[in-house]
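S.K.: Take a look at the following structure, please.
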Amino acid sequence: MNIRNLLLEHGQEKLLRHYDALPEDAKSRLAAQLERVDWSLLSLIGEDHSDQRGVLAPLGATELAEIEAHRATYTDVGLTAIRAGKVAAVLLAGGQGTRLGWDKPKGTYNIGVTRPLYIFECLIRNLQQVTDMAGCPIPLYIMTSDKNNNDTVAFFEEMDYFGYGKENVRFFVQEMAPAVSFEGDLYLEAPDRLALSPNGNGGWFSSLEKSGCLAEMRAQGVEWLNAFAVDNVCQRICSPDFVGATILSGCDCGAKVVSKAFPTEKLGVLCLEDGKPSIVEYYEMTDDMITLRDDRGELLYRFGVILNYLFRIDRLTDIAERKMQIHMAEKKIPHIDEDGNLIKPDAPNGYKFESLILDMIHMMDSCLAYEVVREQEFAPVKNATGVDSVVTARELLERNGVAL
Ligand code: UTP
């Protein structure tokens, strides 16, 4: 393909200045990246993104009291599925974790105080509680990105997979999307390299498929995938009761939820949109949605998601061909300027394009909202200090008996 024409066609002539000056091998490297760019992303810039939501309505959850009453049955059904090899775990660890300010993969962060205790280690220990109970391994698929794959794999090797068994762990790499200026110009991070960033956690299923991991799972008879975030150190993974309740519900998927701590808490809320399950972000909620209460005095839109979902593989396959919504996020994007100097901006200077796993919920016909105790299962490590931070996660780990 003629790169000059390609760049001109997409209004990226500014890149030619760098491109023309490159030696041949560097030109080929950049050309290979340019040929893979999804140019349709650029047309999103300047579009009206105010969300057109359908008709929203509250969605009830299987609440704690009900779970307590049926825990033995749920657990039994979940354990049977796990022992039959029908459940796998998918750790979404391709993010850049910029808010934490740790330039290695987030899972390699040491949250311990008097001893090393890595975020990945916390997650593996949580999963091991279930594999110990079930008496069999659960396959763990870890999504990384080009930016952190090597470091992540090397870390697991160095830590000997925290005793989980290398044979039970597979890595797959998510795709990347270009980062652009507010005007839609592609950024370069080096003269022969585009500034690319992971394409959001919504790309996990298509990346799983492209990597060949999905075919492997299918061959092994896996039917359910528990996808979860890297940063919630207290979450239970593949909890038998959650798996069992979701299977028994007949729903396409299940989502762990917590009761909001206060009405304006910054959590995406699970509800119904045009009769289908949907997640509304806190910043999209109207005043009524934030404050209205039911007869019991409980918030109508009470259940916040914690990025721990159980999906039926066949339903994911049904929606795999559908295009996911792309979200544009304003970010600080390091890049080189016209003279080749590296610029590290202090304020957002452009957009990254991401699809989000939460949009998959609305692509399903039904979703079981499954309440968990936030003091036991919700300790996200987003920031170094303050809300959802290393500090708050340490407190919760200690309250749950984890020695730090
Ligand atoms: P976050 O929304 O917290 O994003 O990801 P992030 O990139 O990790 O962190 P910040 O915003 O830069 O601080 C939620 C989960 O989705 C995963 C993350 O690794 C985390 O488990 N994720 C996010 C991916 O796997 N890929 C992505 O492209 C983005």
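According to the working numbering, the sequence shown is numbered sequentially starting from 16. Glycine included, every Cβ here is placed at the ideal spot set by N, Cα and C. All values derive from a computational prediction rather than experimental measurement.
#1: Could you check whether I376 and I294 sit closer than 8 Å to each other, using their CB atoms as the reference points?
#2: Would you identify the three-state DSSP class for N356, choosing helix, strand or coil?
#3: Please indicate yes or no: does the CB of G290 lie closer than 7 Å to some heavy atom of ligand 2?
#4: Anyone know if the C-beta pair for V184 and S226 falls short of 8 Å?
#5: Look at the alpha carbon of A362 and the alpha carbon of K347, and state the distance between them as a whole number of angstroms.
#6: Per DSSP, what are the beta-bridge partners of E345 in this structure?
#7: With H, G and I counted as helix, E and B as strand and the rest as coil, what does DSSP make of N415?
#8: Which complete beta strand (DSSP E) runs does the segment 153–210 hold, if anything under 3 residues is left out?
#9: Helix, strand or coil for K101? Go by DSSP, reduced to three states.
#10: Let me confirm a value: K121 is counted as buried when at least 16 other C-beta atoms fall within 10 Å, else exposed. Which label applies?
#11: If you draw a straight line from the alpha carbon of A418 to that of F177, how long is it in whole angstroms?
#12: Any heavy atom of ligand 1 within a distance shorter than 7 Å of the CB on E369?
#13: Ignore the nearest five residues each way along the sequence and tell me which others in C286's own chain have a CB closer than 7 Å to its CB.
#14: For G319, which residues in the same chain have their Cβ closer than 7 Å to its Cβ, ignoring the five residues on either side in sequence?
#15: Do R19 and L31 have their C-beta atoms closer together than 8 Å?
#16: Span of the beta strand (DSSP E) holding V284?
#17: Quick check: the Cα distance between D161 and P206, rounded to an integer number of angstroms?
#18: Between which two residues does the beta strand (DSSP E) holding Y385 run?
#19: Please confirm whether any heavy atom of ligand 1 lies closer than 7 Å to the CB of Q111.
#20: R327 and W219: beta carbons closer than 8 Å?
#21: Compute the Euclidean distance between the alpha carbons of A344 and F197, then round it to the nearest angstrom.
#22: Taking Cβ positions, are L155 and A96 nearer each other than 8 Å?
#23: Between which two residues does the beta strand (DSSP E) harbouring K271 extend?
#24: Assign Q409 to one of two classes, buried (16 or more other C-beta atoms within 10 Å of its C-beta) or exposed (fewer than that).
#25: By the 10 Å Cβ neighbour count, where 16 or more other Cβ atoms means buried, how is S55 classified, buried or exposed?
#26: So who's on the other strand from S404, going by DSSP bridges?
#27: If you reduce the DSSP assignment to three classes, tell me which class L71 lands in.
#28: Report yes if the CB atom of V145 is closer than 8 Å to the CB atom of I134, and no otherwise.
#29: Please go through the same chain and pick out, in chain order, the residues whose beta-carbon is closer than 8 Å to the beta-carbon of V405, but skip the five residues on each side of it.
#30: Take D354 as the anchor and find which of A36, L23, L22, A84 has the nearest alpha-carbon.
#31: How many Å lie between Y202 and A108 at the Cα?
#32: Does DSSP put N323 in a helix, in a strand, or in coil?
#33: How far does the beta strand (DSSP E) with V248 in it extend, from its first residue to its last?
#34: Within 10 angstroms of its Cβ, does N415 collect 16 or more other Cβ (buried), or is it exposed?
#35: Specify the secondary structure class of N141 as computed by DSSP and reduced to three states.
#36: Between the Cα of Q27 and the Cα atoms of D166, A80, P193, which residue gives the shortest distance?
M.R.: Looking at the atomic coordinates:
#1: Indexing the sequence shown from 1 puts residue 294 at position 279. Indexing the sequence shown from 1 puts residue 376 at position 361. When the beta-carbon positions are compared, I294 and I376 come within less than 8 Å of each other.
#2: Against the sequence shown, residue 356 aligns to sequence position 341. The answer is coil: DSSP assigns N356 none of H, G, I, E or B.
#3: Ligand 2 is not part of this structure, which contains only ligand 1.
#4: The residue you call residue 184 lines up with position 169 of the sequence shown. The residue you call residue 226 lines up with position 211 of the sequence shown. Going by C-beta atoms, V184 is not nearer than 8 Å to S226.
#5: For the purposes of this step, residue 362 is identified with residue 347 of the sequence shown, where counting begins at 1. For the purposes of this step, residue 347 is identified with residue 332 of the sequence shown, where counting begins at 1. Counting only the Cα atoms, K347 lies some 6 Å from A362.
#6: Here residue 345 refers to the residue found at position 330 of the sequence shown. Under the DSSP definition of a beta bridge, E345 partners with Y366.
#7: The count along the sequence shown starts at 1 and reaches residue 415 at position 400. Here N415 sits in coil by DSSP.
#8: As far as the segment 153–210 is concerned, its whole beta strand (DSSP E) runs of at least 3 residues are 155–159, 184–188, 191–193, 203–205.
#9: The sequence position of residue 101 within the sequence shown is 86, counting from 1. The DSSP-derived three-state label of K101 is coil.
#10: Here residue 121 refers to the residue found at position 106 when the sequence shown is read from its first residue. Under this definition K121 is a buried residue.
#11: Position 403 of the sequence shown holds residue 418. Position 162 of the sequence shown holds residue 177. Distance between the alpha carbons of A418 and F177: 16 Å.
#12: As a working note, residue 369 is residue 354 in the sequence shown. Remark: the C-beta of E369 is in contact range of ligand 1, defined as less than 7 Å to any heavy atom.
#13: As a position in the sequence shown, residue 286 is number 271, starting the count at 1. So the list reads L71, A72, P73, L74, S293, V295, Y316, once near-sequence residues are dropped.
#14: Here the question's residue 319 lines up with position 304 in the sequence shown. Only V272, V273, K275, E280, L282, G283, V284 meet the Cβ criterion.
#15: The sequence position of residue 19 within the sequence shown is 4, counting from 1. The sequence position of residue 31 within the sequence shown is 16, counting from 1. Contact: yes.
#16: Reading the sequence shown from its first residue, position 269 is the one you call residue 284. According to the DSSP assignment, V284 belongs to the beta strand (DSSP E) that extends over 284–288.
#17: Counting from 1 along the sequence shown, the entry for residue 161 is found at position 146. Counting from 1 along the sequence shown, the entry for residue 206 is found at position 191. One C-alpha to the other measures close to 18 Å.
#18: Here residue 385 refers to the residue found at position 370 of the sequence shown. Start and end: 382–386.
#19: As a position in the sequence shown, residue 111 is number 96, starting the count at 1. Yes.
#20: Taking the first residue of the sequence shown as position 1, residue 327 is located at position 312. Taking the first residue of the sequence shown as position 1, residue 219 is located at position 204. The beta carbons of R327 and W219 sit no closer together than 8 Å.
#21: Within the sequence shown, residue 344 is the residue found at index 329, counting from 1. Within the sequence shown, residue 197 is the residue found at index 182, counting from 1. Here the alpha carbons of F197 and A344 stand approximately 11 Å from one another.
#22: Within the sequence shown, numbered from 1, the residue matching residue 155 stands at position 140. Within the sequence shown, numbered from 1, the residue matching residue 96 stands at position 81. Cβ distance not < 8 Å, so L155 and A96 don't count as in contact.
#23: Residue 271 sits at position 256 when you count from the first residue of the sequence shown. Taken as a continuous stretch (DSSP letters only), the beta strand (DSSP E) holding K271 covers 268–274.
#24: Position 394 of the sequence shown holds residue 409. Note that residue 409 is Arg in the sequence shown, not Gln. Buried is the call here.
#25: One-based indexing of the sequence shown puts residue 55 at position 40. With fewer than 16 Cβ atoms within 10 Å of its Cβ, S55 is classed as exposed.
#26: For the purposes of this step, residue 404 is taken as the residue at position 389 of the sequence shown. Answer is N398, bridged to S404.
#27: Indexing the sequence shown from 1 puts residue 71 at position 56. Of the three classes helix, strand and coil, the one that applies to L71 here is strand, per DSSP.
#28: By 1-based counting over the sequence shown, the position of residue 145 is 130. By 1-based counting over the sequence shown, the position of residue 134 is 119. Between V145 and I134, the CB-CB gap reaches or exceeds 8 Å.
#29: In the sequence shown, the residue the question calls residue 405 occupies position 390. Hits under 8 Å: L115, Y124, I126, V396, N398, A399.
#30: The residue you call residue 354 lines up with position 339 of the sequence shown. Scanning A36, L23, L22, A84 for the CA closest to the CA of D354 turns up A36.
#31: For the purposes of this step, residue 202 is taken as residue 187 along the sequence shown, with counting starting at 1. For the purposes of this step, residue 108 is taken as residue 93 along the sequence shown, with counting starting at 1. Each residue's Cα considered, the two are about 24 Å apart.
#32: The residue labelled residue 323 in the question sits at position 308 within the sequence shown. Assignment of N323 by DSSP, reduced to helix, strand and coil, places it in the strand class.
#33: For the purposes of this step, residue 248 is taken as residue 233 along the sequence shown, with counting starting at 1. Here V248 belongs to no beta strand (DSSP E), and DSSP marks it neither H nor E.
#34: For this step, residue 415 is matched to residue 400 along the sequence shown. With fewer than 16 Cβ atoms within 10 Å of its Cβ, N415 is classed as exposed.
#35: Here residue 141 is taken as the residue at index 126 of the sequence shown, counted from 1. Three-state result, N141: helix.
#36: Locating residue 27 in the sequence shown gives position 12, where the first residue counts as 1. The residue with the shortest Cα to Cα distance from Q27 is P193.
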